[in-house]
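A short write-up of the structure that comes next.
In the numbering used here, the protein residues as written are 219 to 341.
This is how it looks when you write it as structure tokens:
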């Protein structure tokens with residue numbers, strides 16, 4: 219039996235975070251997309267998607283990440299994905315070259331640091 223994903227929204231230093239655990243696939247892709255939209259609905263300049271505890275993500279999930287990241291980019295906002303290179307999600311995203319569209323970070327702290335660098339340290 220597979221562990222379907224859970225999607226939790228929180229904030230770290232003023233940046234919305236979508237914290238995902240489990241598997242993201244066709245059965246819950248709409249929930250994933252809605253979580254991304256909800257987390258991005260405010261005025262924050264960035265979004266962090268934490269996938270460290272994702273055990274599987276299919277092509278629909280990868281496409282949703284890239285499309286949402288590009289949408290944010292068009293309105294001068296940024297997206298960061300937290301998935302270390304040894305995590306299941308990190309391996310899948312690395313093979314898929316998602317880093318060409320969205321920066322892959324090893325931790326929330328890394329993502330926050332990159333965002334602070336992108337905004338000149340502003341909060």
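By construction, the Cβ of each residue, glycine as well, lies at the ideal position given by its N, Cα and C atoms.
Because the structure is a prediction, the values reported are computed rather than measured.
DSSP-derived helix/strand/coil call for residue i
i           : result
residue 264 : strand
residue 328 : helix
residue 240 : strand
residue 270 : strand
residue 248 : helix
Burial state of residue i (16 or more Cβ within 10 Å)
i           : result
residue 335 : exposed
residue 258 : buried
residue 333 : buried
residue 313 : exposed
residue 293 : exposed
residue 255 : exposed
residue 266 : buried
Proximal residues to residue i (C-beta, below 7 Å), its chain only, five neighbours per side dropped
i           : result
residue 247 : 278, 279, 282
Bridge-paired residues (DSSP) for residue i
i           : result
residue 304 : According to DSSP, residue 304 bridges with nothing at all.
Proximal residues to residue i (C-beta, below 6 Å), its chain only, five neighbours per side dropped
i           : result
residue 253 : 225, 236
residue 284 : 319
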